[in-house]
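S.K.: Questions regarding the structure given below will be posed in turn.
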Amino acid sequence: MRYQYFPGCSLKGSGRAYEESFLAVFRALGVEVRELEDWNCCGATAYMSVDETKSYALAGRNLAIAARDRADVMAPCSACYLVLNKTMRGLGENPELKRKVTGALKAGGLDYREGVKVRHPLDVLVNDIGLDEIRKRVKKPLSGLKLASYYGCQIVRPFATFDDQDDPVTMDRLMQACGAECVDWPLKTHCCGGSLTGTLPDAGLRLAYIILNEAKKRGAAALVTPCPLCQFNLDAYQGQMAGKFGRPNMPVLYFTQLIGLAMGLDADELGIGRGIIPAQAALAGR
Amino acid sequence: MPKKDHKTNGLPRVGFYICHCGSNIAGTIDVAAVREYAAGLPGVAVARDYKYMCSDPGQELIASDIEKYGLERIVVSACSPNLHEETFRKAAAKGGLNPFRVQMVNIREHASWVHTDRASATEKAKDLARAAVARVVHHRALERKRVPVDPNVLVVGGGIAGIHAALTLANAGKKVTLVEKEATIGGHMALFDKTFPTLDCAACILTPKMSAVKAHPNIRLWTWSEVEKVEGYVGNYKVTVKRKPRYVNEDLCVGCMECIDACVYKEPKFHDKFNQGLGKRKPVYIDFPQATPKVVLVDPETCLQLKTGKCQKKCASVCDRNAFDFGQKERSEEIQVGSIVLATGFRTYDAKKDKQYGYGRYPGVYTALEVERLVNASGPTSGEIKLRDGREPKAVGIIHCVGSRDEKSNKWCSRVCCMYSLKLAHLIKEHSGAEVYNFYIDMRAPGKAYEEFYDKLLGEGVHFVRGRVAEVTDWAVSPEEEGKLVMRVEDTLAGIVRRIPVDMVVLSTGLEPQADAQEVRRRFNIGCGSEGFFQERHPKLAPVNTFTDGVYIAGACQGPRDIPDTVAQAGAAAAEALALIDAGHVELEPNTSAVAEAECSGCKTCVPLCPYGAVSFDEAKRKAAINEVLCKGCGVCAAACPSGSITQNLFGDDEIFSEIEGVLAK
Amino acid sequence: MPDKPKVAFYWCASCGGCEEAVVDLAEDILKVVEAVDIVLWPVAMDFKKEDIEARADKSITVSFINGAVRTSEQEEWARLLRKKSAFVISFGACANSGGIPALANQSAREDILKYVYEDCPSVENPAKSRPATAHAEEGRALTLPEFRGMVRALDEVIDVDYYLPGCPPTPKLIQEAVGALLTGNLPPKGTVLSPDVALCDQCKRKDSKPADLSIKEFKRPHQVQIDPEKCMLAQGLLCMGPATRAGCEALCPGGNMPCTGCFGPTSKVRDHGAKFISSVFSNLAAKEPGEIDAALDGVPDPVGTFYRYGLAKSLLRRKIN
Amino acid sequence: MSTVKFEPKIVAFFCNWCTYTAADLAGVSRLKYAPNVRVIRVMCSGRVDPQFVVEAFAKGADGVLLGGCHPGDCHYAEGNYKTLRRMKMLERMLKAMGVEDGRFRLEWISGAEGDKVRSVVNEMTEKVRSLGPLDLPGKFREWDKEIEELEARVKASEAEEEKIHA
Amino acid sequence: MPLERKIKYEKDCDREFADWVTSQTGGENLRHCIQCGVCSAACPLSLYMDYTPRRLINMARAGFKKEVLSSFTIWLCTSCYSCRAECPKQIKVTDIMYLLKRRAIEEGVYPKRFPIPVLAREFGRMIFTFGRVDESLLVANLFLRTNWLRFLDMAGVGLGLMRKGRMSFVPHGIEARGQLRRVLEAIDSEESKEAAK
């Protein structure tokens, strides 16, 4: 098995731990993962509100580069995952747009081809590698660890390609395969506040707080997520929340970090220490 | 004016008539130009145009011209033959010409209504006229075969529609077989407590009709049975019915139900389908006290005797009629009928599909049908509104349009949900005194006394929130929301988003085609619309007829409708069947195929192609033969005959080839 | 000596098989020769065009013309004989409907010449010279007939009175035809002188044909051991019998080979191949597009199969290019 | 090619129960589509003999459209399967005879799909327009010029002889 | 208190604007909206919006251009797609928010020094120059351009991230910046061509 890997800006910055754990896990699984050469910003959602065509072109460049290789592309960042998929659909549905974008790419000496598959690691782990394989690899089961699995919005919406839009379960099943327990709660795909935490803290932080607080209420020791922006909002802003709503003090981990731990990988290799809210207590020295 | 001795150089004398259809045709097609053009076509003795050819004077025109100009063929260029072919055939017959020497040209549905450019539409009309004139020359005089109609009728489905149709027919002295796949008739109506808008109790008006069916000398009631196969044609259908085993002899059981008490299972512990799973039943059971026929049945999935063969069979031993028969097997019976009424009803939308409403996840969420059972005096809680956890709800939210008006599930409005939601709102308030909220998108009360009913509910202090609920959830943002189900909705009339905590949520699920609608319609050779309900022959003018003669549809199998409309439609379907029976015979379309015996090489190519077994191989003559009564006139054999020895009336090679040449010749 | 009916035989684009058929009359040929004067028979006797041109119009009782028409010379001869004969009989599949030569109608004239005079592996022609219709040398002019754009049936060039079907026509049919002509009890003009019913009627295997063929796959004769009793179609072999005019008494099926349709269709059929497609393929077993295609792959050369003898008279007449 | 825009001539065979009804529905719904199609009504697509299709081409059709009920929905149970089998073979034959893809089209259109009639007719009209005229009658005349010449020459030379003899 | 006319006269409605919205990709089935409000109810931000998404949709198709483009609503959308997931008419509400934001930026009608459009512009600028986004730099820029006082308030976050090695102030761009520029410029020229038409 071989995949291409589109990190996106976050995984090189605030989401570093995500990249570290993601790569570590797939390395341990013996799956070859190659970083897309000279990739550029996916054109992230916020950019859509500056120039739609250009944001398609930006994503288009990455897809054109990816098309040189037959392997599927993994995009761990929800925003990248959405934008790249949205671009493929958009160009597929709108010939006029496609003409413009492919034309522009030509000008840059790139040729856009259809048929690239952009997938999320969750999808790959459950549907390509399989839960049984994961179970086999588990050395230190996360038994007794109560998690609230939080998916965020953009990996199931608007394109619910591999899971349900209102009640996704992929990550729950993965965590259960690692021996952890997942609380039943209704906020799996509610908004974490997105970029509002920075631009309109009053609005953004409230949303983030609701999620952390509900998870706590349901008895979760930690939150697990597949999205770097969610992780950032829910982890880094807990200090700011304290003043306004109260301090949840809830560690927020990437699902790849927990899988890594269960597989017996080293906590530092998985960037566990990079969380603003320390996870050690919750993980009880795992 | 052309005279009678007008030269048509040997060709049959053709009369050509083009219709303006007011401005429907004349608006887009230069009628005069087409008439002029047709007048010059070989064989045409007279060409006329007229405002409305289908009107009496229009038809009269044809009849009189036949005599006046010695016409031998008629071409009418007007609307679709599916609409008026019959009309103009009659007109020709009136004038003394064989009705099948008429050909229609469809320049309305196929030209004036679908084109905008006058010139090209007129060109098209000319081409089609030329083709019709060329083809009609080959039309031979034909006779319609008459076959007697079997006066017996099959009614499929024992809901209120089937019941009403069966009774109407039986009262008219016709023998009816009523086939129902469940163990009792009554259908959905038997589940209801009250009916809107009158709030009279469903059982009170339904059960008398049910027993009337059972008691009627002209009705043979086959429940726990399904139609397997339908063969034959209008007036003469052969139907095979599958009779599922009850393990109880229907003729012996009197429904005393002592066997149920006697069952080795002391407590009922199995899923009770009739009560939507809210109650429990034993392996030997009867759906509800007024079930018709009042005969118990045994569920092979749960009965010890049938599963293991090891049971004391207390049920059987207490039955002084010895009605039990654990050896009963499924069997098929064949019946002969002349017409069929399909009243197979609907199913409700599966609320589990709309995850955002948490049905199956939160015990406080119910479907409307479940609530019908809850508020029903003969239901599992004998009419008390108790939640699954035994609590009495203080606040109840009713969500309209679940599985209706939604591109993600069903696009259509299910017509009855608004009204039954009002009804349930009233009953819940009445039974429990709870606060009741109705969440609707648009309030649809378009029936006699319906709006008044809505008005009554407004007066009763039921809350109405205009908005589609986004989510039913159990996360609380405030203490009063704790332990409640919170409904997030925009009160669109106020323009404000609200969170409303309730104890019970009712999902007003929409009406869908039955799960097996597609198989059923194939079995009866009728059509379905794109949404999957049975297709009527004409949405306005033939609402209970189908494209298969002798097969009629009634009730919600044709589309969502309430009880009054269903009953009215059932009556109409029965009337259509009676009309067919009273005619005593049907005339078969003469467009059948025939073998030119001398030219047939007996290659048998045609024999397996006929879906009706109308083509056979005559071993004595060693040639193919066609039974024209069985032949339905598809022409597949004529197309396939490798030596061109099979011809189809009205669609012979000569007719079609000349039509092809006609549309193209210029 | 009494004035015997004059008879002419001529061959256009043909293999000579039709001539053989005449010889196949065996001793009966003598009867014929007694009864008639043969005024033209290039394959057997030496006559010159002038001899025919010299004759009075319609002075030949009947001309039997076999072979398809490809060259201007064949056209000239056909016209000449038409002019000089009371009756013209189109003799054999090639004359009737183009026959095997008409399969060339799948290729353009230029492609044919290019292949034959340049590309064909066995040809050595560096000068790429082609036959010219006129060539002058030392004051002498040589001419060659024109090679036409397509192959035609005889009746596409001249008016024909009767048709003798077959590749070649059977002696029996020839005799009956000659007999009819000599005794003068003639069918209406344009008649094909053979029963107007399909071949199954005469086929010994007819009874072995199942009521429901539902053909699963098609095989070609070299791919199977052909059962000598069983209906060919029942064995998955494309037998044109059901769509082909009777008269040969099922010679090929008799010889354990499927009928290839040399007698052409019955009088009610306009396009032999299309009609055959309509009949046989309606009875495939397959329902799904994929399965159907799989079955059809067993027919690698549709045109060559369905129009082996009749391309010139098919409704499309030739490949459109 | 002439300067006037080429208007394709398309002959359609529609089965009475599904596609013809759908075309009626399109009319009742006042959908607008290209006026290039001439519909010939048959009871079942199973009546359509491949001969009809080639005849239509031979008589000057630029395209032939065949419409029947969806598989499984045939009013006569299975007529449309017979159609499908034949027409798939016919398609191969037409291809081999140089008739371009797109000039013959088989479509399943149910009585409820008035809009599909519109889209299919429009698509096909555009497709055939882009292929240009097939015009077999014209081609036949073209092909046969060569023999007419000779006929003329023969006649002329005969006329000569007449003179000489006279 | 100053009186303001609330009633709308027909001349106040901008049909052209309504047609523009429905003609954009994403705006297609806007006119099919049945005003059920499920978008508003599903929206996590509607509690802060001046107009609920449903009202905005209706105002857009009615042509209330001024109110729509100057509304706070469009800037609050975090594109979580809840509205689109629930919409019974499958209206692409999120995409409509995007195109309204674009139009608002074009016409310069958005709350001044209001961070979100600035964020969007910052994104653009950064991607043009580097091909990638350096969040920390982005955030810093953002606050300096809008309300630098808030920056201090947020500084804690930054420091925390830095300590955990999750922040880097050196923007690492892509190599083929020239290529990327060519691509984006090609789009510009293409669009200016269209504008010319």
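Chains as they are written, first to last, in my numbering: chain Y, -10 to 275; chain G, 2 to 667; chain X, 3 to 323; chain D, -11 to 154; chain A, 118 to 314. C-beta atoms are modelled at their ideal positions from N, C-alpha and C, and glycine is treated no differently.
Relative to the C-alpha of residue 538 of chain G, which candidate in G:531, G:149, G:547 and G:114 has its C-alpha closest?
M.R.: Residue G:547 is the option with its Cα nearest to residue 538 of chain G.
S.K.: Would you mind working out which of X:275, X:311 and X:287 sits nearest residue 41 of chain D, comparing C-alpha positions?
M.R.: That would be X:275, whose Cα lies nearest to the Cα of residue 41 of chain D.
S.K.: Let's test the definition: count the other Cβ atoms within 10 Å of the Cβ of residue 323 of chain G and tell me whether it reaches 16, buried, or not, exposed.
M.R.: By the neighbour-count rule (16 or more Cβ atoms within 10 Å), residue 323 of chain G is not buried but exposed.
S.K.: Is the shortest distance between the beta-carbon of residue 291 of chain A and the beta-carbons of chain Y less than 8 Å?
M.R.: True, the Cβ-Cβ gap to chain Y drops below 8 Å.
S.K.: Expressed to the nearest angstrom, what Euclidean distance is found between the alpha-carbon atoms of residue 614 of chain G and residue 148 of chain G?
M.R.: The alpha-carbon atoms of residue 614 of chain G and residue 148 of chain G are separated by roughly 18 Å.
S.K.: I need the straight-line Cα distance from residue -11 of chain D to residue 120 of chain D, nearest angstrom please.
M.R.: Caution is warranted here: a pLDDT of 44 is assigned to residue -11 of chain D, below 50, making its placement in the model unreliable, and the coordinate value is therefore given only provisionally. One C-alpha to the other measures close to 9 Å.
S.K.: Using a Cβ-Cβ cut-off of less than 7 Å, list which residues of the stretch 31 to 53 of chain D approach chain G; keep chain order.
M.R.: Cβ contacts with chain G: 31, 32, 34, 35, 36, 37, 40, 43, 44, 47, 48 and 49.
S.K.: Cα separation between residue 401 of chain G and residue 441 of chain G?
M.R.: Using only the alpha carbons, I get a separation of about 5 Å.
S.K.: Give me the Cα-Cα distance between residue 182 of chain Y and residue 222 of chain Y, rounded to the nearest whole angstrom.
M.R.: About 7 Å.
S.K.: Between the alpha carbons of residue 240 of chain A and residue 250 of chain A, how many angstroms are there, rounded?
M.R.: One C-alpha to the other measures close to 7 Å.
S.K.: For residue 370 of chain G, does the three-state DSSP call read helix, strand or coil?
M.R.: It is helical.
S.K.: Rounded to whole angstroms, what's the CA-CA distance from residue 216 of chain X to residue 286 of chain X? Just pull it up for me.
M.R.: So the two alpha carbons sit approximately 5 Å from each other.
S.K.: Report the residue from G:290, G:239, G:231 and G:568 whose alpha carbon sits nearest the alpha carbon of residue 259 of chain G.
M.R.: Ranking the options by Cα distance to residue 259 of chain G, first place goes to G:290.
S.K.: Distance cutoff 8 Å, beta carbons only. Does residue 59 of chain D sit that close to anything in chain G?
M.R.: Judged by the 8 Å Cβ criterion, residue 59 of chain D is not in contact with chain G.
S.K.: Just to make sure I have the definition right: I need the residues of chain Y whose C-beta is within less than 8 Å of the C-beta of residue 206 of chain A. Which are they?
M.R.: Within 8 Å Cβ-Cβ: nothing; residue 206 of chain A doesn't reach chain Y, min ~14 Å.
S.K.: Assuming the contact rule is C-beta atoms closer than 8 Å, residue 70 of chain G and residue 14 of chain G should be a hit. Round their C-beta distance to whole Å, please.
M.R.: The Cβ separation is near 6 Å, so the contact holds.
S.K.: At the level of alpha carbons, what is the spacing between residue 247 of chain Y and residue 274 of chain A?
M.R.: Looking at the two C-alpha atoms, the distance is approximately 24 Å.
S.K.: Could you say which of D:90, D:144 and D:1 lies nearest to residue 115 of chain D if we only look at CA atoms?
M.R.: With distances taken between Cα atoms, residue 115 of chain D lies closest to D:90.
S.K.: Output yes or no for whether 8 Å exceeds the beta carbon distance between residue 403 of chain G and residue 336 of chain G.
M.R.: The answer is no: Cβ separation not under 8 Å.
S.K.: Taking the alpha-carbon positions, what's the residue 326 of chain X to residue 236 of chain X distance?
M.R.: Look at the range of chain X in this structure, 3 to 323, and you will see that residue 326 of chain X is not part of it.
S.K.: Take residue 608 of chain G and list the residues in its own chain whose beta-carbon comes closer than 8 Å to its own, dropping the five residues that flank it on each side.
M.R.: Taken in chain order, the residues that qualify are 616, 617, 618 and 625.
S.K.: Is there a Cβ of chain X sitting closer than 8 Å to that of residue 8 of chain D, yes or no?
M.R.: No, residue 8 of chain D does not count as interfacial toward chain X.
S.K.: Determine, for residue 475 of chain G, whether the minimum Cβ-Cβ distance to residues of chain Y falls below 8 Å.
M.R.: Residue 475 of chain G counts as touching chain Y.
S.K.: So is residue 5 of chain G buried or exposed if we call it buried at 16+ other beta carbons inside 10 Å?
M.R.: Any reading at residue 5 of chain G is ruled out, since the residue's pLDDT is 46, under 50, leaving its predicted position unreliable.
S.K.: Which runs of the alpha helix (DSSP H) fall wholly inside the stretch 407 to 450 of chain G and span at least 4 residues, in chain order?
M.R.: With a minimum length of 4 residues, the continuous alpha helix (DSSP H) runs that stay inside the stretch 407 to 450 of chain G are 418 to 433.
S.K.: If residue 68 of chain X sits next to residue 97 of chain X, beta carbons under 8 Å apart, how far is it from one beta carbon to the other, in whole angstroms?
M.R.: Right, their Cβ atoms sit about 5 Å apart.
S.K.: For residue 5 of chain G, which of helix, strand or coil comes out of DSSP?
M.R.: Since pLDDT at residue 5 of chain G reaches only 46, below the 50 mark, its modelled position is unreliable, and the value read off the structure follows with that caveat. Residue 5 of chain G: coil per DSSP, three-state reduction.
S.K.: Output yes if chain X places a C-beta closer than 8 Å to the C-beta of residue 633 of chain G; else output no.
M.R.: Judged by the 8 Å Cβ criterion, residue 633 of chain G is not in contact with chain X.
S.K.: Could you tell me if residue 187 of chain X is buried or exposed, where buried requires 16 or more neighbouring beta carbons within 10 angstroms of its beta carbon?
M.R.: Residue 187 of chain X should be labelled exposed.
S.K.: Within 10 angstroms of its Cβ, does residue 116 of chain G collect 16 or more other Cβ (buried), or is it exposed?
M.R.: Flag for residue 116 of chain G reads buried.
S.K.: Under 8 Å between the Cβ atoms of residue 312 of chain A and residue 93 of chain Y?
M.R.: Cβ distance not < 8 Å, so residue 312 of chain A and residue 93 of chain Y don't count as in contact.
S.K.: Spatial neighbours of residue 601 of chain G within its chain, please: C-beta separation below 6 Å, excluding the five flanking residues on both sides.
M.R.: Closer than 6 Å at the Cβ level, and outside the excluded window around residue 601 of chain G, lie 624, 625 and 646.
S.K.: Do you know how far the Cα of residue 222 of chain G is from the Cα of residue 179 of chain G?
M.R.: Cα-Cα distance, rounded: 5 Å.
S.K.: Can you grab the Cα-Cα spacing for the pair residue 330 of chain G / residue 311 of chain G, in whole Å?
M.R.: Each residue's alpha carbon lies about 19 Å from the other.
S.K.: How far does the alpha helix (DSSP H) with residue 153 of chain D in it extend, from its first residue to its last?
M.R.: From DSSP, the alpha helix (DSSP H) with residue 153 of chain D extends over 124 to 153.
S.K.: Leaving out the 5 sequence neighbours to the left and right, which residues in its chain are closer than 6 Å to residue 23 of chain X when beta-carbon positions are compared?
M.R.: Here the set comprises 170 and 171.
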